[in-house]
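Notes to accompany the following structure.
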Amino acid sequence: MVLSPPAVRIRAQLLASLFAGKMKVGNPQQLPPQLIQHWEKTVTMVEVTHQQVKRLLRVLDTKKATGSDDISPHLLMQCSQELAAPLTQVFTTCVQENVWPSVWKEARVVPVHKKKLQDKPKKLQNHIPVLSGG
């Protein structure tokens, strides 16, 4: 079944409102609870090395979805040698300055049918939100 653009938009809006309704806080003005610190040590320095980045790129799961940049894990893995140095610099700068690209804080949410209810795919309540890619 191929849906027209208005039908796709309407379905997307219905799913978005369904998922948003499940993720609301009771009182948005209320401050979050104070967390009790159960440890005395904190991380004061994180070192990102070229070898670590290259190793992590080489063991990426190529069956996973792309991130918001649409770069496939397969491409990242195959180009690990070439990408390790610039990515190490980016990660090191992020850690040192404690600033992260806003795109790294985004995620795609994909509606997935609940396994036991796949015989009723038209009902919106039979979907759960799943993060996909980055």
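The letter at position 60 of the sequence shown is residue 497 when you use the working numbering, and the numbering goes up by one with no holes.
Ideal placement from N, C-alpha and C gives every residue a C-beta, glycine not left out.
If you're wondering where the values come from, they're calculated on a predicted model, not measured in any experiment.
Inter-residue Cα distance where the pair is residue i and residue j
i	j	result
Lys491	Asn464	45 Å
Val536	Phe528	10 Å
Gln466	Ile508	39 Å
Ala449	Thr499	28 Å
Ala544	Val480	27 Å
Gln515	Gln526	19 Å
Lys478	Leu472	15 Å
Gln488	Leu497	15 Å
Met482	Trp476	17 Å
Ala457	Gln474	31 Å
Arg446	Ala453	10 Å
Leu468	Lys542	22 Å
Of the listed residues the options, nearest to residue i (C-alpha basis)
i	options	result
Glu519	Gln471, Val536 and Arg495	Arg495
Pro510	Leu493, Glu484, Arg545 and Thr530	Leu493
Glu484	Gln467, Arg448 and Glu534	Glu534
Thr486	Val540, Ala453, Leu524 and Leu451	Leu524
Ser539	Ser517, Val480 and Asp506	Asp506
His504	Ala457, Val547, Arg446 and Glu477	At residue 504 the sequence reads Gly, which differs from the His that was named. Per the Cα distances, Val547.
Residue i, buried or exposed, once every other Cβ within 10 Å from all chains shown has been counted against 16
i	result
Ala444	exposed
Ala502	exposed
Ala521	buried
Leu554	With a pLDDT of only 48 at Leu554, under the threshold of 50, the placement of this residue in the model should not be trusted, and no figure is reported.
### Message
My parser needs the alpha helix (DSSP H) runs of 4 or more residues fully inside the stretch 483-545; what are they?
### Response
487-495, 510-515 and 517-534
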